[in-house]
Structures are given as C-alpha cells and as structure tokens.
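Numbering (the working numbering), first residue to last: 758 to 1151. For reference, the structure is listed below as structure tokens.
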Ligand code: LMR
C-alpha cells in the first residue's frame, strides 16, 4: 500500500524554516514563518499566559473530555473578542478547533457539506495553505485580484470585477486584517463595498482572522469584518489565538458560523460538532482554557492587551525604520508602502532570483514570493536587510 505514495511537494513556508535552521552563518536573518520574535530573537510566552497557566495547574481538577464543540466559555469569550458588538448571539454557531488552520479546514468541510458545487474565491495572492486545503478537499477554487504591485495597496477595482463573476452561493475567503502575505488591507469603506457585493450577488464571506491586534489594534483590526457581518445574512469566520496570545503550539482556534436566522442555528451547530467528531473528536483544551481565563479576568486581560500592544507598536516601529533605511539608501520613497502595510507581513516585490541572491549573499530568509515577516527584524538587522535589498537590485 505505502509504496503507492509519491513524494509530497514541500510547503514553501515550512521548507524555509528548515533551510534557515541549517544555515551556519550567525548573521542570518529569519523573515520566514509568521512567528513573532522580540528584539533578542525569542518568541516569549506572554505574561498573562504564564499567569493563567500557573492558575490552571493549581485549580484544574480533571482533564476529562470537554464537549465536541469545546468549552462554551471559550467560544463565548473569543467570539466576543472577535465579533464585538456585531456578535449575533442568536445566529452564532461556534466550535473550538486545533488552531486557526483547523478552523479553516473545518469551515471548508462545512462549506463542502452545505454547498457541494460552490466555488471558493481566494485573493491573489493568499496564504498557500488556503488553496492547499481546498484542493485536498476537492473544492473548486478561483482567484480574485487583490494586490496591486505598483502601489503596494489593494486593487479594489480588480477585486470587484473578479468577484462580480462569482455565482450565487460561492464562498469568498477574506483576510480579516494583516493580509498574509501582502500586508495590504481593505479600508473600512472597501469592506463596505465587499459586503454590498456579497449581498447583491448572494456570496458567502469566509473571514480568516489570524492576526487580530497586530495591525491597528484589537478593535480596529476587526472593524471591517464586523461591518461586513452586520450586513450579510450568513458568514463563516476562522479565528486563531496562535499569534495574538503567542500560543502557537497549543493549537487554539475557533470556527464561527453565522446562520441566516435563529431557525438554522441548531442544525448548523450540530453539523459543525459532527465534523469535529469525524476529524479529531474533541478539540484541544489547554490553550482554549488559558484564553478564556485571560479574557474573563480584568487584570489578566489588561496585562495581555498591554503586552500585545507592545508587540504591535514594536512591529510598526520596525516598519518605519526599514522604510526610512531604504529611503536613505535609494533616495526615493518607493518602499514607503512598507510603513503603510499592517501586520506581520509585507510583500517586498522582489523577483525569485533577487530573493535567492539575498539568501545566498546575505543570509536573508524570506519566502520565495518575497513575503517578509517584519517581526523577524530588530534594530540591528534593519540596516543589514536594507543593504541586502539594495545590493540585490530590488
Ligand atoms: C505563516 O503564514 O507563516 C503562518 O501562518 C504559519 C503557517 O502555518 O504557515
């Protein structure tokens, strides 16, 4: 049986992690996988997470199974953080999932079950695992224009034109904030335009929000998505706690489905719980419990939000200094978009050859499409990266 298997194409983000690890140069710079690093290159456990974990160790008296949908307190706390005032309590179905990727996988399975002939529309470009999971599930995919390489911003006309070709019932994957890989985000007004288009054409939005709090702040990052869900009859939302709580390996995520009316809620919730059962039975609980403890305790929550804000403003500072270093070296503002982008990533706009030259000559590791993880930089490496970019002729 197993001799029938053929080698898997490597995941380009994970392959890059391995290549970086093997590079012996101590001047190497890791701008690959989307993991936050502080100025000393570490990915610390956040203070509030440590405190909640200590409390949990002391107070938890059983590790018996939770429900198939996970702990309801987690679903309530995280869905409130994500959806805010727009949270439609009587139409909202939630299941905890193994990370944000698990929420995407479960959401796409739900889509396939509910609308087998629907097409999934993905931004060009998008996170490579979006099309990979959809293809694995046999879901038809199509792309809509999104990134304008000339301006480093969003090509809203192209997006509108392409989505105008989608058929009723198709699903449109949107990045809630901090677009991965480009760093270019819809304005509030553009979110409104996308919402109107979804309503007019009967499209179902599926929002992937994996970086809430990394762009303009916890509420500001969710504002566009909240405006959208206030308008559309139904939607799917996949949220991740990997980045904003720094609990990558705990696999903590939530799939939310907004049903058209309260009448469909029970069946929707049941379908989601059953998909959990079929794929992994009960979702992981440790990270979810830590998150709900933090979100429901005033002191822990304030400390977490303060630390997240330090992370966010630190990344903004790195963006500003990289844009300034490139302005100084090139005498032009053509890299100014780096300061305007939000979140962990920016698409630099380098060719694969230039990306390769930066890796070979300067030990700079970015994804082949020239996606850079800004959080992989620090004050000392910003000038080195700026030199590498200029030397590669980007
Ligand atoms: C990334 O895009 O680097 C992260 O979302 C990590 C991953 O799983 O790819």
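Even for Gly, the Cβ is constructed at its ideal location relative to N, Cα and C.
Taking buried to mean at least 16 other C-beta atoms within 10 Å of its own C-beta, is residue i buried or exposed?
i	result
residue 1085	exposed
residue 1111	buried
residue 937	buried
residue 887	buried
residue 921	exposed
residue 908	exposed
residue 853	buried
residue 1067	exposed
residue 866	buried
residue 923	buried
residue 1109	exposed
residue 945	exposed
Report the rounded CA-to-CA distance for residue i versus residue j, giving the unit in angstroms.
i	j	result
residue 859	residue 1141	37 Å
residue 1133	residue 777	12 Å
residue 1043	residue 1144	43 Å
residue 809	residue 1061	11 Å
residue 797	residue 1149	26 Å
residue 1004	residue 1039	19 Å
residue 768	residue 885	8 Å
residue 1122	residue 1019	49 Å
residue 940	residue 874	31 Å
residue 963	residue 910	21 Å
residue 1128	residue 1089	21 Å
residue 931	residue 948	10 Å
residue 764	residue 1130	28 Å
residue 1125	residue 789	9 Å
residue 1001	residue 803	9 Å
residue 864	residue 1065	27 Å
residue 919	residue 812	50 Å
residue 997	residue 1045	10 Å
residue 792	residue 801	11 Å
residue 898	residue 814	45 Å
residue 1016	residue 834	19 Å
residue 795	residue 775	21 Å
residue 799	residue 1113	25 Å
residue 1056	residue 839	20 Å
residue 955	residue 1009	29 Å
residue 979	residue 760	47 Å
residue 1054	residue 969	19 Å
residue 868	residue 1036	15 Å
residue 782	residue 1083	24 Å
residue 1011	residue 856	7 Å
residue 953	residue 961	12 Å
residue 902	residue 975	27 Å
residue 917	residue 758	47 Å
residue 1099	residue 935	5 Å
Below 7 Å, is the gap between the Cβ of residue i and the nearest heavy atom of the ligand PLP?
i	result
residue 937	In the structure on display, the ligand PLP does not appear, and the ligands it does have are the ligand LMR.
Candidates the options: which alpha carbon is nearest residue i's?
i	options	result
residue 1097	1072, 948 and 915	1072
residue 1078	1092, 1051 and 795	1092
residue 871	991, 1106 and 998	991
residue 1026	901, 766 and 846	846
residue 1069	1057, 997, 1055 and 977	977
residue 971	1047, 1117, 1051 and 1075	1075
residue 957	994, 926, 1120 and 841	926
residue 1081	1100, 1009 and 1136	1136
residue 771	787, 781, 782 and 758	787
residue 973	943, 951, 955 and 952	943
residue 883	868, 1104, 917 and 1109	1104
residue 806	1120, 1083 and 1052	1052
residue 1116	993, 773, 758 and 1035	773
residue 1013	760, 837 and 758	837
residue 1024	829, 1118 and 850	850
residue 1022	1139, 1094 and 993	993
residue 915	895, 945 and 950	950
residue 829	1049, 848, 952 and 780	1049
Is there at least one Cβ from chain D nearer than 8 Å to residue i's Cβ?
i	result
residue 993	Of the protein chains in this structure there is only one, and it is not chain D.
Leaving out five residues on either side along the sequence, give the residues of the same chain with a beta carbon under 6 Å from the beta carbon of residue i.
i	result
residue 1151	1107 and 1111
residue 900	879 and 881
residue 1007	1043 and 1044
residue 933	964, 966 and 982
residue 784	1120
residue 913	947
Return the chain-ordered list of same chain residues with a C-beta closer than 8 Å to the C-beta of residue i, the five sequence neighbours on each side being excluded.
i	result
residue 842	983
residue 1058	805, 1051 and 1052
Within the same chain, show all residues whose beta-carbon is closer than 7 Å to that of residue i, passing over the 5 residues directly before and after it, in chain order.
i	result
residue 906	1106
residue 1147	1086 and 1087
residue 1095	1076, 1079, 1080 and 1103
For the pair the stretch 1027-1039 and the stretch 817-829, tell me if three or more CB-CB distances fall below 8 Å. Because the criterion of three Cβ pairs below 8 Å is met, the stretch 1027-1039 and the stretch 817-829 touch.
Are three or more beta carbon pairs between the stretch 861-879 and the stretch 888-896 nearer than 8 Å? A contact exists between the stretch 861-879 and the stretch 888-896.
Would you say the stretch 974-988 touches the stretch 813-821, given that touching needs at least three Cβ pairs under 8 Å? Contact annotation: the stretch 974-988 does not touch the stretch 813-821, with fewer than three C-beta pairs closer than 8 Å.
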